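Residue numbers (the numbering used here): 41 to 187.
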């Protein structure tokens with residue numbers, strides 16, 4: 041009898057596993073590539089020439105370029121992403137505050153009381169909650185002032 045060698049593809053389940061693993065690694069590499077390119081454009085400390093150099097390096101030698109970028113500049117990638125996320129959140133919060141108070145300014149007391157009465161009539165506020173909110177509006181500390 042001859043000795044038989046078994047490969048992963050002799051077993052269909054293992055073949056499916058290897059295919060999924062390779063597909064997963066391929067997708068993850070593309071995710072990393074796009075994060076590197078986004079980080080390049082997000083970084084205000086790099087000059088235009090430095091960004092161009094990194095971009096050419098990442099495009100011409102994709103695997104090496106991405107891994108070298110992550111090793112060389114990866115420490116601050118998360119910080120830049122967090123800074124951008126905070127700036128977007130602050131802009132969103134500012135927009136919501138301006139929209140909630142009406143036209144970027146203070147909403148009239150009558151308008152806020154009308155909104156509160158509509159909310160209470162829908163049953164979303166209890167009488168106690170309505171009275172507390174009404175006192176806040178009448179004392180000048182309405183919803184546009186709290187955070």
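Note that beta-carbon positions come from the ideal geometry of N, C-alpha and C, so glycine has one too.
Note that the structure is predicted; figures quoted are calculated from it, not measured.
Rank the options by C-alpha distance to the C-alpha of residue i and give the top, closest one.
i, options, result
"residue 84", "124, 140 and 164", "124"
"residue 121", "178, 82, 163 and 65", "82"
"residue 178", "154, 52 and 164", "154"
"residue 71", "116, 176, 102 and 171", "102"
"residue 78", "163, 151, 117 and 152", "117"
"residue 80", "113, 150, 68 and 65", "113"
"residue 106", "74, 129 and 126", "74"
"residue 110", "52, 76 and 134", "76"
Specify, as a first and last residue, the run of the alpha helix (DSSP H) that residue i falls within.
i, result
"residue 105", "102-113"
"residue 189", "As displayed, the chain neither begins before 41 nor continues past 187, which places residue 189 out of reach and without an answer."
"residue 156", "149-162"
"residue 86", "No alpha helix (DSSP H) holds residue 86; DSSP gives it neither H nor E."
Using a Cβ-Cβ cut-off of 8 Å (strictly less than) and excluding sequence neighbours within five positions of residue i, which residues of its own chain qualify?
i, result
"residue 108", "97"
"residue 95", "77 and 80"
"residue 69", "103 and 106"
For residue i, which residues from the same chain have a beta carbon less than 7 Å from its beta carbon, with the 5 sequence-adjacent residues on both sides left out?
i, result
"residue 159", "165"
"residue 134", "none"
"residue 170", "156 and 160"
"residue 187", "With a pLDDT of only 40 at residue 187, under the threshold of 50, the placement of this residue in the model should not be trusted; the figure read from the coordinates follows. Hits under 7 Å: none found."
Quick one: what's got a C-beta closer than 6 Å to residue i's C-beta in the same chain, skipping five residues either side?
i, result
"residue 173", "156"
Is any beta-carbon of chain D found at less than 8 Å from that of residue i?
i, result
"residue 138", "The chain labelled as chain D is not found in the depicted structure, where only one protein chain is given."
Is there contact between the region 89-103 and the region 57-65, where contact requires at least three CB pairs shorter than 8 Å? Not touching, per the Cβ criterion.
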